[in-house]
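To start, the structure itself, in structure tokens.
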Amino acid sequence: MIYAKPGAEGSIVSYADRYDNFIGGEWKAPVEGRYFENPSPVDGETFCEVARSSAADVE
4 MIYAKPGAEG SIVSYADRYD NFIGGEWKAP VEGRYFENPS PVDGETFCEV
54 ARSSAADVE
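Using this note's numbering, the letters of the sequence shown correspond one by one to residues 4 to 62.
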């Protein structure tokens, strides 16, 4: 069985382009404004960015 990539026509899964920190019930950008590229384990292509948090984000 072949599945469409997330976000492509016919895909059963979708992802945001970027994910911030979920703190206290709210989405908050990382204090330093940095993000990781999150690669797909299937083909290694980046499919979203994830907050690169630091100690400043938990203070």
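The beta-carbon is built from N, C-alpha and C at its ideal position, and this holds for glycine as well.
Residue range T49 to A54 is occupied by the beta strand (DSSP E) that includes V53.
For D60, the enclosing alpha helix (DSSP H) stretches over residues A58 to V61.
Per the coordinates, the alpha-carbon of S56 lies some 9 angstroms from the alpha-carbon of D23.
The criterion of a C-beta distance shorter than 7 angstroms is not satisfied by E52 and E35.
Bounds of the beta strand (DSSP E) holding I26 are N24 to I26.
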